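Novice: Numbering (this note's numbering), first residue to last: 930 to 1189.
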């Protein structure tokens, strides 16, 4: 296992000549480093750590970046042979599933998918555990934790069906393709470990984000873009902003000041 492997700090600092603001460079050199998918937080509440992806030599894992000194510690040791987020990202990546991880800021754990399992690594102790076994299912979306950190919500589909569907996807008929992929939105109650189905849909949705303790925002609508509110009890509250002359939003972040 490579969990706990460290990387020397590459921290560099300078001041912007025009604004005087401090600029800090944390990663450099070969490979590619990037935060968790931007709908969910990558930084701990105290601002100490950022969880990042590091794609090096065809292998993708999660690392803990110390924002104080730039040091890094590996959090995962992914073994998935094709961990790309299909159909959007580069194929053939090995490691943890790309873009599907989420940070629980209450427990300071990062949850991620690898193989058929959902796993968690605690940022300070590096304790690693398996949370759930997906079996013949596969996670296909960005996922999120409830504001109190007690519920994890995610989207999954039949593994074999989805892998076959990926091979026949074409962008010219993408919306029709989405309508051929049934999915389940599921939730795990973290204190008890109990899993439950929130909703079953007969079309592909890409992201699920908590709006408040009792409801989530789901993207996309059937046949197109859009965001809609879904209760944890399965109640469909409908679209938050209907189609208008500007189109429909399909990407957003929930903040203390509202939905951006």
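The beta-carbon is built from N, C-alpha and C at its ideal position, and this holds for glycine as well. Being a predicted model, the structure only gives us computed values, none of them experimental.
Tell me whether residue 1189 is buried or exposed, calling it buried when 16 or more other Cβ atoms sit within 10 Å of its Cβ.
Specialist: exposed
Novice: Our contact map puts residue 1175 next to residue 1095 with C-beta atoms below 8 Å; I'd like the distance itself, whole angstroms only.
Specialist: Contact between residue 1175 and residue 1095 does not hold, since the beta-carbon distance rounds to 31 Å and is not under 8 Å.
Novice: Is the separation between the beta-carbon of residue 1062 and that of residue 1045 shorter than 7 Å?
Specialist: yes
Novice: Residues in the same chain with beta-carbon distance under 8 Å from residue 1104, minus the five sequence neighbours each way, listed in chain order, please.
Specialist: 1152 and 1153
Novice: On the DSSP bridge assignment, give the partners of residue 1032 in chain order.
Specialist: 1039
Novice: Does the Cβ-Cβ distance between residue 983 and residue 962 come in under 7 Å?
Specialist: Cβ atoms of residue 983 and residue 962: closer than 7 Å.
Novice: Look at the alpha carbon of residue 1090 and the alpha carbon of residue 1066, and state the distance between them as a whole number of angstroms.
Specialist: 9 Å
Novice: Could you pull the start and end residues of the beta strand (DSSP E) that residue 961 belongs to?
Specialist: 961-964
Novice: Whole angstroms are fine: how far does the CA of residue 974 sit from the CA of residue 1007?
Specialist: 26 Å
Novice: With DSSP collapsed to three states, give me the class of residue 1143.
Specialist: coil
Novice: Alpha carbon to alpha carbon, how far is residue 1161 from residue 968?
Specialist: 19 Å
Novice: Of the residues 1079, 1088, 1041 and 957, which one's Cα is nearest the Cα of residue 1124?
Specialist: The residue with the shortest Cα to Cα distance from residue 1124 is 1079.
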